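Beneath this line is the structure, given in C-alpha cells, with notes to follow.
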Amino acid sequence: MEANNDLRYDALNSINQMEKGAANINGTLLVYIKTSSVRSYLLKIKYDPDENKIVSDTVKTFENSSNSDPEFLKDVVKYAQTEYPAETYGLILWSHATSWAPPTSAIIKTKSFGRDTGKEIDIIDLKNALPNNLEFIIFDACSMGGVEVLYEFKDKAKYIIASPAETIAESFPYQKITPYLFQGSAQLKDVAKAYYDYYNAYTDDRQSATVVLVKASELVQLATEMKAIMLKTKLYGNKFISDNIQRLDFTTNFPVANYDFGDFLNHNFANNDLTSIYAQLDKTILYKAATANFLGTPIKTFSGLTCYIPYQGDVNLTYYKKLQWYSNSGFYIPFDK
71 MEANNDLRYD ALNSINQMEK GAANINGTLL VYIKTSSVRS YLLKIKYDPD ENKIVSDTVK
131 TFENSSNSDP EFLKDVVKYA QTEYPAETYG LILWSHATSW APPTSAIIKT KSFGRDTGKE
191 IDIIDLKNAL PNNLEFIIFD ACSMGGVEVL YEFKDKAKYI IASPAETIAE SFPYQKITPY
251 LFQGSAQLKD VAKAYYDYYN AYTDDRQSAT VVLVKASELV QLATEMKAIM LKTKLYGNKF
311 ISDNIQRLDF TTNFPVANYD FGDFLNHNFA NNDLTSIYAQ LDKTILYKAA TANFLGTPIK
371 TFSGLTCYIP YQGDVNLTYY KKLQWYSNSG FYIPFDK
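Be aware that the sequence shown starts at 71, since it is given in the working numbering, and climbs by one per residue.
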C-alpha cells in the first residue's frame, strides 16, 4: 500500500476492513504500508471487528526508503516470502495509478504506479521488481485493466484482477473479499464480483466500477490473434480510428486515453475478421462487469479490457513501443517500416 499521498486515510480504512474480514482465513495476510516519508511498516493482519482501530502486529519497520523505489519493493516482497513461506502467494498493489503512462513526455510528468510525494514507479520497472511465482495479482489502483498493462504482467501471476477505468478511493471491499483470497483461484471471481456488487449497490455517483479477471496465460494467444488481424488488414502509415469509441478514462486530463478494446476492434476491423479474437477474449476474460455509469458518464460499451490507440506523431509513441503488447500484437505494423 503506497499511501504516502492523499490516500493515506483510505489506506488505513482498508486495513481496518481487512482485519474485519480476517476471522477465519487459512493463511497469512501481510500488508506493507507507507504513509510518510520517514518510515514504513510490514503488518501481519489479525482479526478485529472494530473498524475504528488497527490492532494488527507490526512485524518489521523500514526506515526512510526511497520514494516509490522498485528495488525496495522487490526487497519487501522477497522478505515477506522468505519469512512467511506458503504454498501459494498472491499480491495486491494498492495506490494511485495511471495505466502504462510513460515516465515523462512533452505534455505529462507522471509514472504509472504508487504515487509517493510526487514520484511514481514506471510500469516496466514495477513488473521487473515482482517475482514470477504469484497465483494472482490484484490492482487496487486506477486503470490497470488495459491490454498493455496486463500483457506486461502476464508472466508474473496466473490470474490478474484490475479495473479498466478508474477506481473509487474507497478501494476494494476488503471486509468481503479477504476470505476469498485464501480459498484458491476459483474464488477470484467472487473477489471481482464483490467489488462490482459493492459499488453497484450505491445510488449516487459512487455507483462507479469496472472490473475484469483475466487468465494471464491466455493473453499470449490474444496478442497472436491481434497480430494476425493486423497483418491481414494494416500497412505502414495506416491510421487507427479513434472517434466515437467508448472511452473508459473519466478523470480530467488523464495522461493516456483508455479506449474499450472491443469497441476499438469493431470500429477498425471488419466483423468477419474478428471471430477468432473474440473467441480468444472469451478464454482470456473469466469475469467482467461494469456499472451503467461512471461518475455520471454512461458506459455504453464494455468488453472487459481497454487499449490505447497510438498515432503518428504521438508524444507517447516512443514509450509505447517499449511495451511488449506493441511488438507482440502487431500494433507496430502501421508505425515501423
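Here a beta-carbon is modelled for each residue, glycine too, at the ideal position from N, C-alpha and C. Values in this document were obtained by computation on a predicted structure and should not be read as measured data.
In the assembly as shown, Gln316 is a buried residue. Its beta-carbon has 16 or more other beta-carbons within 10 Å.
DSSP places Leu113 outside any alpha helix (DSSP H); the residue lies instead in the beta strand (DSSP E), whose first and last residues are 109-114. Runs of alpha helix (DSSP H) with 4 or more residues, each lying fully within the region 215-252, are found at 217-222, 244-247, listed in chain order. The continuous stretches of alpha helix (DSSP H) do not include Gly160, which lies in the beta strand (DSSP E) extending over residues 160-164. Inter-residue distance for Leu251 and Phe206 is about 9 angstroms (C-alpha atoms, whole angstroms). Asn363 sits in a strand when the DSSP states are folded into three classes.
Shown here, Glu121 sits in coil according to DSSP, grouped into three states, outside any helix or strand. Straight through space, the alpha carbons of Asn270 and Ala264 are spaced by roughly 10 angstroms. In this chain, the alpha helix (DSSP H) harbouring Thr388 covers 387-390.
Within the same chain, Cβ atoms closer than 8 angstroms to the Cβ of Pro243 are found at Gln87, Ala264, Tyr265, Tyr268, the five residues on either side in sequence being excluded. Ile311 is classed as exposed because its beta carbon has fewer than 16 other beta carbons within 10 Å across all chains shown. As the crow flies, the alpha-carbon of Thr158 is around 23 angstroms from that of Ser165.
Partner residues in the beta bridge of Asp330, as assigned by DSSP, are Thr376.
Residues of the same chain with a CB within less than 6 angstroms of the CB of Asn96, apart from the 5 flanking positions on each side, are Phe252 in chain order. Pro119 and Leu143 have their alpha carbons spaced roughly 30 angstroms apart. Excluding the 5 residues flanking it on each side, Lys358 has same chain C-beta neighbours closer than 6 angstroms at Val282, Gly374, in chain order.
Following the DSSP letters along the chain, one finds Asp343 in no alpha helix (DSSP H), marked with neither H nor E. Collapsing the DSSP output to three states places Asp192 in coil.
For Tyr149, the secondary structure class from DSSP, reduced to helix, strand or coil, is helix. The beta carbon of Lys304 is closer than 8 angstroms to those of Gly400, Ile403, Pro404 in its chain, skipping five residues each way along the sequence. Of the candidates Lys370, Ser213, Leu387, the residue whose Cα lies closest to the Cα of Ala239 is Ser213. Ala298 sits in a helix when the DSSP states are folded into three classes. Leu335 sits in a helix when the DSSP states are folded into three classes. The C-alpha of Asn314 is placed about 44 angstroms away from the C-alpha of Leu100. The Cβ-Cβ distance between Ala93 and Pro249 falls below 9 angstroms. Residue range 258-270 is occupied by the alpha helix (DSSP H) that includes Tyr269.
C-alpha of Ile347 to C-alpha of Leu77: approximately 38 angstroms in a straight line. Sixteen is the threshold: when 16 or more other Cβ atoms of the shown chains lie within 10 Å of the Cβ of Glu295, as they do, the residue is buried. When only Cα atoms are considered, Ala360 and Thr371 end up about 9 angstroms apart.
Here DSSP, grouped into helix, strand and coil, assigns Ala167 to strand.
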